[in-house]
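This report concerns only the one structure given below.
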């Protein structure tokens, strides 16, 4: 999806974790209108464990009436699940890649996960996704993602059993 300003405006999409919180709230509000069983598949929102996830974590605690988030995923509403990147607090999905992938240079520039980067020395997450992950996917070791994919399977299998 080529995320343009127009697309963000028309669909009320903002970027980052705050955008995910808005998406969760919008999904729930829009789905309440529909009656019957139309949720054939689970919808899984993947969230980093960085500082930006605090608002989503507080929303989950409040809605599910729990004090501490110990699980990797939570069923928030009907078929809507929130899943956290399976690593320690403060970690992002990029941390699941191996060191070699994270240190890939593009045009002499190094990867930075920060929102503000030095364009002369660094490239950001969009370039990382396009020029490193997409273009070099056959060379990348994705072993760090195994726990996350296993958790996706748990959500899907549990949803299937619950909705037979």
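Numbering (the numbering used here), first residue to last: 15 to 178. Ideal Cβ positions, reconstructed from N, Cα and C, are used throughout, including at glycine.
Query                                                                                                  : Result
For residue 55, three-class secondary structure by DSSP                                                : coil
Rounded separation between residue 95 and residue 118 - CA only                                        : 33 Å
For residue 97: DSSP bridge partner residues                                                           : 60 and 87
Contacting residues, own chain, Cβ-Cβ under 7 Å from residue 138 (five flanking each side not counted) : 126 and 131
Beta-carbon separation (whole angstroms), residue 19 vs residue 69, contact threshold 8 Å              : About 23 Å separates the two Cβ atoms, so there is no contact after all.
Backbone CA spacing between residue 114 and residue 85 [nearest angstrom]                              : 30 Å
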